[in-house]
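Let me begin by presenting the structure, written as structure tokens, before commenting on it.
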Amino acid sequence: MPKSPRPGSITKALRADGVKVGDLDTSATPGYKGAKADGEKLLAERTQVLSDLQEMLYANGRSGDPRSVLLVLQGMDTAGKGGIVRHVIGSVDPQGVDHAAFGVPTAEEKRHHYLWRIRRKLPRGGQIGVFDRSHYEDVLVVRVHDLVAPEVWGKRYDEINKFEAKLVEAGTTIVKVAMFVSLDEQKKRLAQRLERPDKYWKFNPGDIDERAYWPAYQEAYQAMLDRTSTEQAPWHVIPADRKWYARLAVTELLIDALQRLELTWPKAQFDVAEQQRRLADA
Ligand code: ADP
Numbered sequence: 020m021p022k023s024p025r026p027g028s029i030t031k032a033l034r035a036d037g038v039k040v041g042d043l044d045t046s047a048t049p050g051y052k053g054a055k056a057d058g059e060k061l062l063a064e065r066t067q068v069l070s071d072l073q074e075m076l077y078a079n080g081r082s083g084d085p086r087s088v089l090l091v092l093q094g095m096d097t098a099g100k101g102g103i104v105r106h107v108i109g110s111v112d113p114q115g116v117d118h119a120a121f122g123v124p125t126a127e128e129k130r131h132h133y134l135w136r137i138r139r140k141l142p143r144g145g146q147i148g149v150f151d152r153s154h155y156e157d158v159l160v161v162r163v164h165d166l167v168a169p170e171v172w173g174k175r176y177d178e179i180n181k182f183e184a185k186l187v188e189a190g191t192t193i194v195k196v197a198m199f200v201s202l203d204e205q206k207k208r209l210a211q212r213l214e215r216p217d218k219y220w221k222f223n224p225g226d227i228d229e230r231a232y233w234p235a236y237q238e239a240y241q242a243m244l245d246r247t248s249t250e251q252a253p254w255h256v257i258p259a260d261r262k263w264y265a266r267l268a269v270t271e272l273l274i275d276a277l278q279r280l281e282l283t284w285p286k287a288q289f290d291v292a293e294q295q296r297r298l299a300d301a
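Heads up: the sequence shown begins at 20 in my numbering, then just goes up one per residue.
So, in structure tokens, the structure goes:
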């Protein structure tokens, strides 16, 4: 039997309160004492729990429940956002997932407010929305590369908090996840992409240039955590050098978010006994 952590111990250990990005041990496994093999077994079990809860969310959405869950994934290149989408989100029914990835804004997106493209991709009732990068790029890459003036990005933290508060009020549970790998681990992962033809597609020469901006990114991530981890939409910090742990951590966060909705199966909108009689005669 895999070692099971106490319920909630992983999710609690990931809260961003007081985290100093520069001091993070990116190979740690907060809230979980087991090793990789145990962690992977536990992940398989917990994936089933997540999948059942997601089905219930979806079923309620089909019955008109407006509530949804939005997973916001942020992290430097190679932090493993794609792996979370493939392995964690990939394990639930795709009908119930609204996935959106946000890259460099298109010409059309640039003509609009930075939240315009975000609003268009928000999850509908019953869905788990997944943002692979998000509105936070507008206070991360934009800040690091001076893409707009500091007076402009400086106002965005409060604006984002207000935007998210409204979303929460309207029934979306926001699960914000910042994934961190060490500079060394990133080098290893980039090297792998250059060694394996099946990984070339993931390699972007620009990722090497971005490594020079690591301290500036750390500062921008710190400001993001300090200024946008709110009670309604707190950040979670995931040490991501160990992929199995990052996947387990996000699975736990999603399970926790879904459990807090206290979902039940939608009631039948018909008389069950009557339908059973009709079916017997059909
Ligand atoms: P990934 O690198 O995640 O596989 P893409 O190559 O499609 O995905 O695009 C990601 C790139 O887009 C990143 O370098 C990211 O910093 C950049 N990006 C995302 N949002 C913005 C934004 N609002 N302004 C500028 N660049 C952005």
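Glycine included, each C-beta is placed from N, C-alpha and C at the ideal position.
Item	Value
Taking 8 Å as the limit between beta carbons, can you name the residues of its chain near G115, skipping five residues before and five after?	Q73, E74, L76, Y77, G80, G145, Q146, I147
Run through the segment 134 to 201 for me and flag every whole alpha helix (DSSP H) of 4 or more residues, listed as ranges in chain order.	135 to 138, 160 to 163, 169 to 173, 175 to 188
Please list, in chain order, all residues of the same chain as W263 whose beta carbon is under 6 Å from its beta carbon, the five residues on each side excluded.	K55, G58, E59
Can you list, in chain order, the residues of its chain whose CB lies under 6 Å from that of A184, leaving out five sequence neighbours each side?	Q251
Threshold first: 4 residues or longer. Then list the alpha helix (DSSP H) segments lying entirely within the segment 60 to 106, N to C.	none
With respect to the alpha helix (DSSP H) encompassing I274, which residues constitute its N-terminal and C-terminal limits?	262 to 279
Considering A32, what are the terminal residues of the beta strand (DSSP E) in which it resides?	No beta strand (DSSP E) contains A32, which is instead part of the alpha helix (DSSP H) from 28 to 32.
Is there at least one non-hydrogen atom of the ligand ADP closer than 7 Å to the beta-carbon of P224?	no
Please report the straight-line C-alpha distance between V19 and A239, rounded to a whole angstrom.	In the structure as shown, the chain starts at 20 and stops at 301, and residue 19 therefore has no counterpart that could be examined.
Helix, strand or coil, according to DSSP, for V123 in the structure here?	coil
Going by DSSP, what residues sit across from H255 in a beta bridge?	R34, V196
What three-state label does DSSP hand V111 in the structure shown?	coil
Examine the ligand ADP and report whether any of its heavy atoms sits within less than 7 Å of the Cβ of F121.	yes
Could you pull the start and end residues of the alpha helix (DSSP H) that V291 belongs to?	291 to 300
Please state whether the Cβ-Cβ distance between T97 and L213 is less than 8 Å.	no
Name the one or two DSSP bridge partners that V116 has.	I147
Determine the DSSP secondary structure at L282, reduced to helix, strand or coil.	coil
If we call anything under 8 Å between Cβ atoms a contact, is G99 one with A259?	yes
Relative to the alpha-carbon of L43, which residue among L69, P224, K207, A197 has its alpha-carbon at the smallest distance?	A197
For R25, name the three-state secondary structure that DSSP assigns.	coil
With burial defined as no fewer than 16 other Cβ atoms inside 10 Å of the residue's Cβ, what is the status of D151: buried or exposed?	buried
Mind checking whether the beta-carbon of L166 lies closer than 7 Å to any heavy atom of the ligand ADP?	yes
Using only the heavy atoms of the ligand ADP, determine whether one of them is closer than 7 Å to the beta carbon of R105.	no
Decide yes or no for the touch test of the segment 117 to 132 against the segment 264 to 273: beta carbon pairs closer than 8 Å, at least 3 of them.	no
With a CB to CB cut of under 7 Å and the five nearest residues on each side skipped, what residues in its chain are close to R175?	D157, V158
Following the continuous alpha helix (DSSP H) through L244, name the residue where it begins and the one where it ends.	233 to 247
Can you tell me whether DSSP reads Q288 as helix, strand or coil?	coil
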